[in-house]
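Residue numbers (the working numbering): -15 to 209. Built from N, CA and C at the ideal position, the CB exists for glycine as well. Here is the structure we will look at.
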Amino acid sequence: MTENEAAGLDGAGIDADAFAFYAELADHQTKEWWLANKQRYETRVKAPVERLVDALGGEFGPLKIFRPYKDVRFSADKRPYKDHLGLVTADDSSATYYLQLSRQGLMLAGGLYQPAREQLARFREIVDDNRLVGDLEATLEEVGESGFAIMTTDALATAPRGFRVDHPKIELLRLKRLAIAAEHAPADWMTGPELVDRVRAGWRTVRVWNDWIAENLPTAVEATR
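Put into structure tokens, the structure is as follows:
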């Protein structure tokens, strides 16, 4: 399948109602509301994303859409439904590609969301090595030119064990997620045929980061040996 053929799989992009759906869901976290709007979710939220999966899978491998239901067993937040739709590559043994649809728009992202201890340790060794950190910073600068930034969610509040708080690269050392993301507010391109090309271009930028991970960090399998 050519890129042009893939882009034409769906005559449009995301249904604009998807953004309204998640805005309403935030205020109606009840089973009654969900059941009354479940068909709306299936046809106007999920179905267009399934067509996007068909268009992108050839290049980025098998993709999966996360379930809309939350696992609240071990969470203080007992709201039963997710406030977004998540799409991710199915192979969780390597760095991933990720898309999130919510009331805020689209987030394109990827990398290692939960790096193994050995992967994070090696990343910190690279950050602390003046001979190696330059390539890391150049890679982050390259993806930054396309609007992607390293994710600082859940970063440590202080320096990790063995490093000084005033380390010149302390912001990188504090990271717990080795992932990058670009966020886009709802826009016309999301609801038209341009969507496929824009997501593909974004994920190709993510590939630059994922390639750096593959070349410099142990794989998940190696980390567990």
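Under the rule that 16 or more other beta-carbon atoms within 10 Å means buried, what is residue i, buried or exposed?
i, result
"Y53", "exposed"
"P32", "buried"
"S86", "buried"
"N114", "exposed"
"A74", "exposed"
"R148", "exposed"
"T189", "buried"
"Q103", "buried"
"A93", "buried"
"T27", "exposed"
"G215", "One cannot answer for residue 215 here, as it falls past the ends of the chain, which runs -15 to 209."
Taking the alpha carbon of residue i as the reference point, which residue from the options has its own alpha carbon closest?
i, options, result
"W187", "A122, S59, S130", "S130"
"L36", "I(-2), K15, W17", "I(-2)"
"A2", "S77, R51, H68, K62", "H68"
"Q88", "K30, H168, D181", "H168"
"L156", "P170, D138, A171, D172", "D138"
"T203", "Y81, D76, F44", "D76"
"T80", "L201, V183, N194, F58", "N194"
"A105", "M135, R145, A133, R51", "R145"
Pull up the DSSP beta-bridge partners for residue i, would you.
i, result
"I134", "I164"
"L211", "Residue coverage of the chain in this structure runs from -15 to 209, which leaves residue 211 outside it and unanswerable."
Quick check on the DSSP output: the alpha helix (DSSP H) that includes residue i runs from which residue to which?
i, result
"W173", "Here W173 belongs to no alpha helix (DSSP H), and DSSP marks it neither H nor E."
"V111", "101 to 111"
"L120", "117 to 128"
"I154", "154 to 157"
Taking 7 Å as the line, does the beta carbon of residue i fall inside it for any heavy atom of the ligand PLP?
i, result
"S59", "The ligand PLP is not part of the structure shown, which contains no ligands of any sort."
Checklist line | Sequence ranges, alpha helix (DSSP H) only - wholly within the region 10 to 92, length at least 4 | finding: 15 to 24, 31 to 44
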